[in-house]
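> So for the sequence shown, numbering that gives the first Met the number 0 puts the first residue at 0; every next one is plus one.
The beta carbon of each residue, even a glycine, is placed where N, CA and C say it ideally should be.
All values derive from a computational prediction rather than experimental measurement.
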Amino acid sequence: MAVPGASLVPILLLGLGTCLAASPSPKGVECILFNEEYMTCTWGSGQTLTANYSLYYWYENKLPVVECQQYLWDRSVRIGCRFEQSEIIQFQAFYVRVNASCNGQTLEIPSNRMELQNLVKPEAPVNLTIHNMSGNQLQLTWSSPYPKEQCLEHVVKYKSNKDTSWTNQEVKGVIFSFPSVDYEKYYTFYVRSKINNYCGNTQLWSEWSVPVFWGNNSTSKGSSGPERPRSPRRPRSVLTVSPRLVAGVAEEQLQWFWIHTVLIPIASCLLLLVLVVLLVRMERVWVIIMPRIPNPSKNFDDLFITHNGDFQVRWLPWLTTPLSWWQLPTPLTPLCPSRNGSESLKMLWRVSSPTTVKASAT
């Protein structure tokens, strides 16, 4: 299918009759921008070319003219040019010129003006999934590798095993609702996409997606003979996914395997070790901050062992006789204040001997 604005009308130079007979001029140049990732411009589609062609391109108001850096070859003959993403500029007029060399003479094919945003062909949709909804309804969803999903419009193609023709349904988003299904039928769905009128003016549709199936595949239309009895069963859904999705799922499962079997056990052991170390260090710090209160019970072991718990003053070694009430120690007598001038006084207990007490009594 020729791209609007991409076909080039050959301009033949005089005196090239023998050259054209040996190498006919190509039908035209067709440029397609694939998924905005790379672009190819080809010529002589369906023809057997014997002359080598050189392609030169330039953008409007942008010079100089540049020759193709990556030619496409077929049987040692150039049939096209590949442009990388860095060489592509959208929304600017794009021109190409193809020169053919034959028998020492040149055939030049000038180009028409092209707009690259009108030459975009998106990649086919992927990840088609069917969801069973209530009321015998189905919901078909998909995703697109094209980076600007808001610039796409889609067509869903479907039919059952009892239908003779396909049904096409235009869809603006990435969800298609099938209003009513027959559980005795087997359905097949395809999806394709193209750039909508808000982002470009093109009729380049993507390839059809990988099909997805739903339903009962035990019967088909046109089968001869009576139908065999079969037990009722729930319709099955068959999901077909792209290899890219399978590779992504496998990689994600491998990552989760390493996380669960290696990282989590190691992290748990390290955390437990850190907690033990902190517990030991905190116990030492707690002893320093809050020292233990000394137990004075050891200082009174002699009272319980030697004197059988007798706490009276008569067990003192310097007393020979029991004391009378007048022989009790005198009250505390302040001797002198402390050197630092505080109000606290040093107190002294004087215990009088029996002779001293008697003398004072007389």
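#1: Can you tell which of C30, V275 and E35 has its C-alpha closest to the C-alpha of R96?
#2: Helix, strand or coil for T260, going by three-state DSSP, please let me know.
#3: For the candidate residues T128, V180, F93 and L106, whose alpha-carbon lies nearest to that of Q136?
#4: Consult DSSP for M289 and reduce its assignment to one of helix, strand or coil.
#5: Does any residue of chain D bring its CB to less than 9 Å from the CB of Y52?
#6: For W72 and Q84, what's the separation of their Cα atoms in angstroms?
#7: Below 6 Å CB to CB, which residues in the same chain sit around A92 once its five sequence neighbours on both sides are set aside?
#8: To the nearest angstrom, how far is it from the Cα of S75 to the Cα of C101?
#9: What does the alpha-carbon distance come out to for the pair Y186 and Q138?
#10: Let me know the beta strand (DSSP E) ranges lying completely inside the segment 168-196, each 3 residues or longer, listed in chain order.
#11: Out of R291, M289, V276 and M38, which has the shortest C-alpha to C-alpha gap to L367?
#12: Throw me the rounded Cβ distance for the T140 and V173 pair, which I believe falls under 8 Å.
#13: Is the Cβ-Cβ distance between E122 and F33 less than 9 Å?
#14: Whole angstroms are fine: how far does the CA of I78 sit from the CA of T166?
#15: Short of 6 Å in beta carbon distance, which residues of its chain neighbour V170, apart from the five on each side in sequence? Order them along the chain.
#16: According to DSSP, what are the bridge partners of F33?
#17: Tell me which residue opens and which closes the beta strand (DSSP E) that T49 is part of.
#18: T365: which of G27, N216 and P290 sits nearest, CA to CA?
#19: Helix, strand or coil: which one does DSSP assign to W165?
#20: Taking just the CA atoms, how far does P124 sit from S143?
#21: DSSP three-state call for M281: helix, strand or coil?
#22: Do you know how far the Cα of Q69 is from the Cα of A266?
#23: Following the continuous beta strand (DSSP E) through L139, name the residue where it begins and the one where it ends.
#24: So, using beta-carbon positions, are A99 and E86 closer together than 9 Å?
From the atom records:
#1: Selected option, being the one with the closest Cα: C30.
#2: helix
#3: With respect to the C-alpha of Q136, the residue from T128, V180, F93 and L106 having the closest C-alpha is V180.
#4: coil
#5: Here there is only one protein chain, and chain D is not present.
#6: 20 Å
#7: Contacts found: E59 and R112.
#8: 15 Å
#9: Using only the alpha carbons, I get a separation of about 13 Å.
#10: 174-177 and 185-194
#11: Because the chain here runs from 0 to 361, residue 367 falls outside it and cannot be looked at.
#12: 6 Å
#13: yes
#14: 38 Å
#15: H153 and V155
#16: Y37 and K120
#17: It is not in any beta strand (DSSP E) - T49 carries neither H nor E in the DSSP assignment.
#18: Since the displayed the chain opens at 0 and closes at 361, residue 365 lies outside it and no answer follows.
#19: coil
#20: 5 Å
#21: If DSSP states are grouped into helix, strand and coil, M281 belongs with the helices.
#22: 52 Å
#23: L137 to S142
#24: no
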